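With the UniProt record's numbering, the residue at position 115 of the sequence shown is 115, and numbering never jumps.
Note sheet for the following structure.
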Amino acid sequence: MRVWRNHVATAVACVLTVMTLAVPARAGTDVARPAGARGPALSADSDDLARSLECGANLADSTEKPVLLVPGTTLNPTAEYAWNYQRAFERQHRPYCTVRLPGNAMGDIQVAAEYVVHSIRTMYRLSGRRVQILGHSQGGMVPRWALKFWPDTRERVDDVVALAGSNHGTVDANALCAPAVGCAPSIWQQRTNSDFLRVLNSGGETYPGVSYTNVYTTLVDEVVQPNLTDSGSTPLHGGGGDITNVAVQDICPTHVTDHLLVGTSDPVAYALAMDALTRAGPARPETIDESVCTRAFQPGVNPATFPLHMAKMTTTVTRTLALHPHVAREPELKPYAQDLGGDQQLVSE
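As structure tokens, this is what we get:
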């Protein structure tokens with residue numbers, strides 16, 4: 001396992017080098033009544049929105065709340081989740097869907113959020129139950145933009161679980177998005193001083209009625225930095241939501257994992273995520289069995305094929321970074337976001 005952790009760390013370092021160079025609800029369910037305001041009209045093509053969402057067979061019939069899996073920057077659901085969380089959920093007969101964000105989550109995050117909004121609404125309608133969201137990196141952060149500017153989603157979402165979420169950006173992106181070189185739109189927006197993040201984190205960072213579990217690693221996250229303490233990028237504070245901010249090292253002090261592993265195969269991050277998804281409210285770290293510290297992989301991961309899947313995922317990351325077009329500046333804020341409102345009653349879709 002140590003060999004593969006070293007392999008992954010080397011791969012992520014290579015990736016960062018490439019970035020620099022290429023730089024109607026059913027009766028009897030738990031549905032809450034939706035809020036009156038739906039938010040701005042979705043600008044994304046309706047066919048693209050429909051194609052982006054793929055769901056398991058038991059979404060409409062299960063008595064469990066469905067989980068929406070949201071991938072991180074440079075990734076898609078197949079590369080990130082097909083070999084871990086999807087396999088685990090299928091064995092548990094847990095309903096889930098995945099959403100494919102435009103350009104492997106390299107485009108404007110404001111547009112990516114529309115895909116999350118569409119996914120939440122569709123899953124709520126089909127299942128008759130509030131949706132639970134699990135996302136890695138950008139995938140843990142982008143649902144918050146959906147909740148902020150499409151108020152009806154707040155009544156349709158039960159949990160947001162962010163694994164190494166870039167809630168407050170990363171200094172890595174500040175260094176990479178030099179004006180002379182440019183970078184992908186979503187990387188501009190994940191700079192710690194971006195207009196996008198300033199708006200996202202204005203006012204309260206959470207909403208009452210939604211539970212937030214924010215899992216991060218202090219050893220070592222090469223991508224979302226800083227993330228060493230409760231004041232780092234991933235943790236959230238204020239706003240009225242029920243929040244748990246927890247490092248995997250809070251459970252296992254000597255546990256070493258990195259950015260890619262924490263979202264795909266890490267047993268401690270998985271235990272915290274599942275605690276959040278299977279209880280009312282966010283994860284409770286004190287309930288996690290310390291035996292998880294002795295495990296190499298989370299459920300769903302096949303140790304024999306783990307190296308192959310990691311290699312494929314790293315290839316997807318590297319290729320996406322190298323080929324996605326760069327832009328010279330951060331995408332302009334959408335008109336609905338320019339007044340930092342987010343909580344006002346917005347036009348109906």
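Using N, Cα and C, we set each Cβ at its ideal position, and we do this for glycine too.
None of these values were measured; they are calculated from a predicted model.
Residue 136 carries a strand assignment under DSSP once its states are collapsed to helix, strand and coil. Note on geometry: alpha-carbon atoms of residue 208 and residue 264 lie some 29 Å from one another. Collapsing the DSSP output to three states places residue 191 in a strand. The alpha-carbon separation between residue 259 and residue 220 amounts to approximately 7 Å.
One thing to note: residue 124 has its Cβ no nearer than 8 Å to the Cβ of residue 98. Taken through DSSP and simplified to helix, strand or coil, residue 206 comes out as coil. Remark: C-beta atoms of residue 213 and residue 227 do not approach each other more closely than 8 Å. Residues of the same chain with a CB within less than 8 Å of the CB of residue 210, apart from the 5 flanking positions on each side, are 147, 154, 157, 158, 159, 160, 241 and 242 in chain order. Each residue's CA atom was taken as its position, placing residue 185 and residue 164 some 20 Å apart.
If you check the CB distance, residue 269 and residue 275 do not come in under 8 Å. Pairing residue 291 with residue 272, the inter-Cα distance amounts to about 13 Å. Taking a C-beta distance under 8 Å as the contact criterion, residue 166 and residue 137 qualify as a contact pair.
The DSSP-derived three-state label of residue 291 is helix. Ranked by Cα distance from residue 75, the options 319, 37 and 91 are led by 319. Residue 64 is not bridged by DSSP to any residue. Boundaries of the alpha helix (DSSP H) harbouring residue 172: 171-176, taken from the DSSP string.
In the structure shown, the three-state DSSP call for residue 104 is helix. Contact check for residue 105 against residue 71 passes: the beta carbons are separated by less than 8 Å. In this model, residue 244 and residue 251 are separated by some 13 Å (Cα to Cα). At the C-beta level, residue 39 and residue 196 stay beyond 8 Å of one another. In this structure residue 188 does not touch residue 317 by the C-beta definition: roughly 18 Å separates them, more than the 8 Å allowed. For the pair residue 131 and residue 112, the CB atoms are not nearer than the 8 Å cut-off. Leaving aside the five residues that flank residue 232 on each side, the residues in its chain whose CB is nearer than 6 Å to its CB run, in chain order, 226. Put simply, of 299, 115, 116 and 314 the residue whose alpha carbon is nearest the alpha carbon of residue 91 is 299. The Cβ atoms of residue 135 and residue 96 do not sit closer than 8 Å to each other.
Taking C-beta separations shorter than 6 Å and ignoring five residues to either side along the sequence, the partners of residue 331 in its chain run 108 and 185, following chain order. Beta-bridge pairing by DSSP links residue 211 to 159 and 242.
Taking every protein chain shown into account, the CB of residue 46 has fewer than 16 other CB atoms within 10 angstroms, so this residue is exposed.
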